[in-house]
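Student:
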Amino acid sequence: MLRLKLFRIGIAVVALAAAGAARAGAIEDMIVLDRAYIPALALTNQPQKPTAATSESLQRLNAAWGRFQAALPPADRAAYAAAIAESDTKIKAADKLLASGSRQAAHDALEAVRIAFWKARVAQGVDYYPDRLTAFHEAMEPLVDLAANPATDRTKLKRQFEETSALWSRVEGARFDAALYGFDAEKTAQLQALVRKERGILSQLDAAIGSGNRGELEAGAKTLKGTFAQTLLLFGDFSGL
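Counting in our numbering, the sequence shown runs from 2 upward without gaps.
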């Protein structure tokens, strides 16, 4: 009986170890995918960028997407099935939209990829650093819109600010594994500096909301968005673009 129990415990330990290894491998694959995804997302949102560079970024994304799907362990494939299906549709749509000259529409299609995987990882209990940035982004965009509107109710603006600020606190409090994400000391320092900078901007915004200074509010919201973008772009590989 004791031998049987020990055997079952051993099997359980091996299964847990295998699941942990699969999850770690999936995260590494997602990091690699994001290195190709983020440039495509960014360049499709920049009309001043050469079309050739934007097209190249989408070609790289397609290649990375194929490798990602091929490498994903079966268990993770099932767990992320909905995100994979939606992302596949959106990436194909972005290709067609960019080819037809609809760059912004291609960007909007690619945005759905980030959202789909963010929600899927949260559902799986996976703590993925860029997901904290995505969560912040989803609160930041309404904040920026409210800040740009002179008719915005200050109470509503303050409530949206508090939600956004709290989500940035989650970024600040996250443990960042530089080796896992392929960040050297210089790049890690850049990330840390941008995280601090965004907090400073949030503090300035809070003061502008309190004083009702429209100029400072609009300028601060614009800077907040720009600093967020700089932070996210650190996770992309723009070499050659």
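Note that beta-carbon positions come from the ideal geometry of N, C-alpha and C, so glycine has one too. Fair warning: this is a prediction, and the values are worked out from it, not measured in the lab.
#1: Report yes if the C-beta distance between threonine 45 and leucine 111 is below 8 angstroms; otherwise report no.
#2: Counting C-beta neighbours from all protein chains within 10 Å, is the total for lysine 91 16 or more, i.e. buried, or is it exposed?
#3: Can you give, in chain order, each stretch of the alpha helix (DSSP H) that sits fully within the region 59–145 and has at least 4 residues?
#4: For tryptophan 169, which option in Ala180, Leu195, Ala76 has the closest C-alpha, if you only look at C-alpha atoms?
#5: Are the CB atoms of leucine 225 and phenylalanine 162 nearer to each other than 8 angstroms?
#6: In this structure, does DSSP put lysine 226 in helix, strand or coil?
#7: Could you tell me which of Val172, Tyr129, His108, Ser103 sits nearest to glutamate 199, measuring between CA atoms?
#8: Within the same chain, show all residues whose beta-carbon is closer than 8 angstroms to that of phenylalanine 137, passing over the 5 residues directly before and after it, in chain order.
#9: Suppose you measure from the CA of proline 48 to the CA of alanine 95; what does that come to, to the nearest Å?
#10: With the cut-off set at 8 angstroms, would you say alanine 121 and alanine 149 are in Cβ contact?
#11: Cβ of alanine 80 within 8 angstroms of Cβ of aspartate 238?
#12: How many Å lie between serine 58 and serine 212 at the Cα?
#13: By how many angstroms is the C-alpha of alanine 152 removed from the C-alpha of asparagine 63?
#14: Locate the alpha helix (DSSP H) running through glutamine 205, then write down its first and last residues.
Tutor: Let's see:
#1: yes
#2: Buried: at least 16 other Cβ atoms inside 10 Å.
#3: 75–80, 82–100, 104–125
#4: Leu195
#5: no
#6: helix
#7: For glutamate 199, the nearest C-alpha among the options comes from Val172.
#8: Thr165, Leu168, Trp169, Arg171, Val172, Phe229
#9: One C-alpha to the other measures close to 15 angstroms.
#10: The answer is no: Cβ separation not under 8 angstroms.
#11: It is not a contact, given that the beta carbons lie outside the stated cut-off.
#12: Between serine 58 and serine 212, the C-alpha separation is close to 43 angstroms.
#13: 43 angstroms
#14: 186–212
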